[in-house]
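Heads up: the sequence shown begins at 130 in the numbering used here, then just goes up one per residue. No residue lacks a Cβ here, since even glycine has one placed at the ideal position from N, Cα and C. Keep in mind it's a predicted model, so treat the numbers as computed, not measured. Structure record follows, encoded as structure tokens.
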Amino acid sequence: MFCLTCPTDPRWAPCAADALDRVLVDHAHCEMKAASSALSLSARCLDAPHAVLPLVALAREELEHFERVLVELERRGLALGPPPVDAYAAELRRRARTSCRGDATKYVLSDRLLVGALIEARSCERFKLLAEELERRGHDAEAALYRELLASEARHYTTLRQLAIDVRGDEPATLRRLGELARLEGEIVASLPVEAAIHG
Ligand SMILES: [Fe+2]
Ligand SMILES: [Fe+2]
Numbered sequence: 130m131f132c133l134t135c136p137t138d139p140r141w142a143p144c145a146a147d148a149l150d151r152v153l154v155d156h157a158h159c160e161m162k163a164a165s166s167a168l169s170l171s172a173r174c175l176d177a178p179h180a181v182l183p184l185v186a187l188a189r190e191e192l193e194h195f196e197r198v199l200v201e202l203e204r205r206g207l208a209l210g211p212p213p214v215d216a217y218a219a220e221l222r223r224r225a226r227t228s229c230r231g232d233a234t235k236y237v238l239s240d241r242l243l244v245g246a247l248i249e250a251r252s253c254e255r256f257k258l259l260a261e262e263l264e265r266r267g268h269d270a271e272a273a274l275y276r277e278l279l280a281s282e283a284r285h286y287t288t289l290r291q292l293a294i295d296v297r298g299d300e301p302a303t304l305r306r307l308g309e310l311a312r313l314e315g316e317i318v319a320s321l322p323v324e325a326a327i328h329g
């Protein structure tokens, strides 16, 4: 899906559907982190003011997703609890940072936007797999939630990818860099155990 280089392990969706409560708690934290990351990116766009409004709009939408998943947690009597360790996102950010060429603001910011785009692409792929698995099991309400959210995450992927191109000002170079980061992302996904977590 999109630029992803490694498809999710086919064991992931049944594993996630078996432990949907755990996935929903992890998912709530992912939406909250996506909102705060978009907001923090918007504050770094001093040299790219045209990127501020789209990032603030994205942050608002992620906050709405966070609220929707929180409502689902409450409906199920689940507590949000402390944020689980997200080895996937931490490793992706670390590898992007260490492989970033050039330390001008535009390279660093463009890379951060591309990392965000990749996380959106992976979330979108996983939401689709989970929605299909939940439909197979007759859990239509939960499947509908994931169907709706995956459409938003697909738009976020496109927005972040385009902002990365605009910030760097060189489309071919940005897309080559996206390809490099997508290969790193695929290696990380292939190295992580199959777990009941959005990026596990
Ligand atoms: Fe979201
Ligand atoms: Fe998103």
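heavy atom of ligand 1 below 7 angstroms from S320 C-beta: In this structure, S320 has its CB at a distance of at least 7 angstroms from all heavy atoms of ligand 1.
- Start-to-end residues for the alpha helix (DSSP H) that takes in F195: Taken as a continuous stretch (DSSP letters only), the alpha helix (DSSP H) holding F195 covers 181-204.
Notebook entry, point to check: Would the beta-carbon of E193 be found less than 7 angstroms away from any heavy atom of ligand 2?
Noted result: In this structure, ligand 2 has no non-hydrogen atom nearer than 7 angstroms to the beta-carbon of E193.
**Report entry** Euclidean distance between Cα positions of F104 and V154
**Finding:** The requested residue 104 is not part of the displayed model; the chain covers only 130 to 329.
(message) Tell me whether S281, by its Cβ, gets closer than 7 angstroms to a heavy atom of ligand 2.
(response) S281: yes, Cβ under 7 angstroms from ligand 2.
Exercise for the section: Could you say if the region 307-319 and the region 132-149 meet the contact criterion of at least three C-beta pairs nearer than 8 angstroms? Expected result: In this structure the region 307-319 lies against the region 132-149, because at least three pairs of beta carbons, one per stretch, are closer than 8 angstroms.
Just to check, is the beta-carbon of L278 closer than 7 angstroms to a non-hydrogen atom of ligand 1? Yes, the Cβ of L278 comes within 7 angstroms of a heavy atom of ligand 1.
- Extent of the continuous alpha helix (DSSP H) to which L258 belongs: Unbroken alpha helix (DSSP H) run through L258: 234-265.
Looking at C-alpha atoms only, which residue of A280, A167, V152, S228 is the closest neighbour of P212?
Checking every option, the nearest Cα to that of P212 belongs to V152.
List the endpoints of the continuous alpha helix (DSSP H) containing A311.
For A311, the enclosing alpha helix (DSSP H) covers residues 300-320.
* Write down the C-beta distance between A225 and D240 rounded to the nearest angstrom, noting that I regard them as a contact closer than 8 angstroms. => Right, the Cβ-Cβ distance comes to about 5 angstroms (below 8 angstroms), so this counts as a contact.
Can you tell me whether A219 sits near ligand 1, meaning its C-beta is under 7 angstroms from at least one heavy atom of the ligand? No, the beta carbon of A219 sits no closer than 7 angstroms to any heavy atom of ligand 1.
### Query
What is the C-beta distance between I327 and S252, in whole angstroms, given that I count them as a contact (C-beta under 8 angstroms)?
Right, the Cβ-Cβ distance comes to about 6 angstroms (below 8 angstroms), so this counts as a contact.
**Prompt:** Rounded to a whole number of angstroms, what is the C-alpha to C-alpha distance between L321 and E309?
**Reply:** Roughly 19 angstroms separates the two Cα atoms.
Exercise for review: Compare the C-alpha of Y236 against each of H158, P183, L307, A145 and name the closest.
Suggested key: Of H158, P183, L307, A145, the residue nearest in Cα terms is L307.
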